[in-house]
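Notes to accompany the following structure.
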Amino acid sequence: MKYPAVLSFADILPALDAFDTIIDARSESEYALDRIPGAINAPVLDDAQRIRVGTLYKQTGPFEAKRVGAPLVAANIARHIETLWADKPREWKPLVYCWRGGNRSGSMAHILAKIGWPVVQLDGGYKAYRAHVAGSLENPPELDFRVVCGTTGSGKSRLLETLDGIGAQVLDLEKLAAHRGSVLGHLPNEPQPTQKWFESQIWDLLRRFDPARPVFVESESKKVGNLRVPEAVMARMRASPCIALSLSRENRVRLLMEDYEHFCADPSALNGQLDHLVQLHGRDTITAWQEMANSGAMPELVDQLLVQHYDPAYLRSIDRNFVQYPKAQLLELGDISKGDFEAAARKLHAA
Numbered sequence: 001m002k003y004p005a006v007l008s009f010a011d012i013l014p015a016l017d018a019f020d021t022i023i024d025a026r027s028e029s030e031y032a033l034d035r036i037p038g039a040i041n042a043p044v045l046d047d048a049q050r051i052r053v054g055t056l057y058k059q060t061g062p063f064e065a066k067r068v069g070a071p072l073v074a075a076n077i078a079r080h081i082e083t084l085w086a087d088k089p090r091e092w093k094p095l096v097y098c099w100r101g102g103n104r105s106g107s108m109a110h111i112l113a114k115i116g117w118p119v120v121q122l123d124g125g126y127k128a129y130r131a132h133v134a135g136s137l138e139n140p141p142e143l144d145f146r147v148v149c150g151t152t153g154s155g156k157s158r159l160l161e162t163l164d165g166i167g168a169q170v171l172d173l174e175k176l177a178a179h180r181g182s183v184l185g186h187l188p189n190e191p192q193p194t195q196k197w198f199e200s201q202i203w204d205l206l207r208r209f210d211p212a213r214p215v216f217v218e219s220e221s222k223k224v225g226n227l228r229v230p231e232a233v234m235a236r237m238r239a240s241p242c243i244a245l246s247l248s249r250e251n252r253v254r255l256l257m258e259d260y261e262h263f264c265a266d267p268s269a270l271n272g273q274l275d276h277l278v279q280l281h282g283r284d285t286i287t288a289w290q291e292m293a294n295s296g297a298m299p300e301l302v303d304q305l306l307v308q309h310y311d312p313a314y315l316r317s318i319d320r321n322f323v324q325y326p327k328a329q330l331l332e333l334g335d336i337s338k339g340d341f342e343a344a345a346r347k348l349h350a351a
């Protein structure tokens, strides 16, 4: 094969995991929005340079833009070779892409090929990859989803984490979304990813799952925080067999106190989130809950939130949205220790 080889994403996909390095040659802000999972960012033009060259292109024309951009491109590629790839052997096989598979990735691929590396350039660039992801999520693979259901605080996320730890196949949408899926679910100091990066991570997991083995997933709503679960994936989940996780209310309060420790330490943050529930529960109830938070009565507040907010909402939605829930497999947890979750996970994994 002659290098650089320019291949479509359909041709690349079967061997995607065989590349030693996937190089995203776009700017840092483009990379932050979305990328091929596992790719590293090695900009041919950084954000400021890209704006400068793009402005010249529009205002003066392509020749002046390329005259100014060429030394910037050359310097950036040289720096990447010296700092990132100087120790790579002759057999090192990288995949390079940019926005449309044009000048930026082409420049980098040409130089890497001239050095002697068997470099592949993605024809159509990120846009071709993104089109494939969007199409794949509209028709996801036929997988044996097992939906872990249970009221808030019953330990669904901990069970999925434990299942993952013992080698089960797990699609943890809340982990991918950096959100616990409720009005109080945002994680401190961890912003949610972009919608496109959320979808890329889902696509990457789905393509790796063995269809002959079950995939455990939580009974999510259509949105996890500000992110939307792909509609076809949600439809598959909602039609799948269910597992009803059961835990006493006392233990659910204990578990939530552990998982939401950041709110216990900062009642003002909790009270800000509680304001979003005024329309559902009225100002008087929310004010009373906020006073409980300020006075340190957190266990009592969590208990009231379960009884008055979370549990009624769960009971209203679960039968309607997950059609196999009425015949769900019951899984009872006696406590919230690590051992309890390991025993429950192994029971499911062995079934």
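Read in order, the letters of the sequence shown are residues 1 to 351 in UniProt numbering. Beta carbons: idealized from backbone N, C-alpha and C, even for Gly.
With three or more C-beta pairs closer than 8 Å as the rule, is the stretch 159 to 176 touching the stretch 328 to 343?
yes
Whose C-beta lies closer than 7 Å to the C-beta of residue 352 among residues of the same chain, with five residues either side of it excluded?
No information on residue 352 is available, as it lies outside the stretch 1 to 351 that the chain covers here.
Hey, quick one: how far does the alpha helix (DSSP H) through residue 162 stretch, first residue to last?
In the sequence shown, counting from the first residue as 1, residue 162 sits at position 162. Residues 156 to 165.
What does the Cβ neighbour count give for residue 135, buried or exposed, with the cut at 16 atoms within 10 Å?
Counted from its first residue, the sequence shown places residue 135 at position 135. Burial call: exposed.
What are the boundary residues of the beta strand (DSSP E) that residue 332 is part of?
What you label residue 332 is simply residue 332 of the sequence shown in a count that begins at 1. Segment 329 to 332, the beta strand (DSSP E) holding residue 332.
Could you give the first and the last residue of the continuous alpha helix (DSSP H) run that contains residue 304?
Position 304 of the sequence shown, counted from the first residue, corresponds to residue 304. Start and end: 298 to 305.
Exposed unless 16 or more other CB atoms sit within 10 angstroms - verdict on residue 27
Taking the sequence shown and counting its residues from 1, one reaches residue 27 at position 27. Buried, because 16 or more other Cβ atoms sit within 10 Å of the Cβ of residue 27.
Less than 8 Å between the CB atoms is what I'm expecting for residue 240 and residue 147, so what's the real figure, rounded?
What you label residue 240 is simply residue 240 of the sequence shown in a count that begins at 1. What you label residue 147 is simply residue 147 of the sequence shown in a count that begins at 1. Going by Cβ atoms, the distance from residue 240 to residue 147 rounds to 5 Å, so yes, they are a contact pair.
CA-to-CA distance, residue 98 to residue 360, given in whole angstroms
Outside the shown range of the chain (1 to 351) lies residue 360, about which nothing can therefore be said.
Roughly how many whole angstroms lie between the Cα atoms of residue 1 and residue 75?
As a working note, residue 1 is residue 1 in the sequence shown. As a working note, residue 75 is residue 75 in the sequence shown. When rounded, the distance between both Cα atoms is 28 Å.
Residue 355: buried (16+ other C-beta within 10 angstroms of its C-beta) or exposed?
Outside the shown range of the chain, which is 1 to 351, sits residue 355, and nothing can be said about it.
Per the DSSP calculation, residue 242 is bridged to which residue(s)?
Working through the sequence shown from its first residue, we reach residue 242 at position 242. Note: residue 242 sits in a beta bridge opposite 147.
Between the stretch 261 to 279 and the stretch 211 to 228, do three or more beta carbon pairs fall short of 8 Å?
no
Please report the residue range of the alpha helix (DSSP H) in which residue 65 lies.
Position 65 of the sequence shown, counted from the first residue, corresponds to residue 65. Residue 65 -> alpha helix (DSSP H) spans 62 to 84.
C-alpha gap between residue 358 and residue 139, whole angstroms:
Not covered by the structure: residue 358. The range shown for the chain is 1 to 351.
Among 155, 128 and 129, which residue has its Cα nearest to the Cα of residue 338?
Numbered from 1 along the sequence shown, position 338 holds the residue referred to as residue 338. Ranking the options by Cα distance to residue 338, first place goes to 155.
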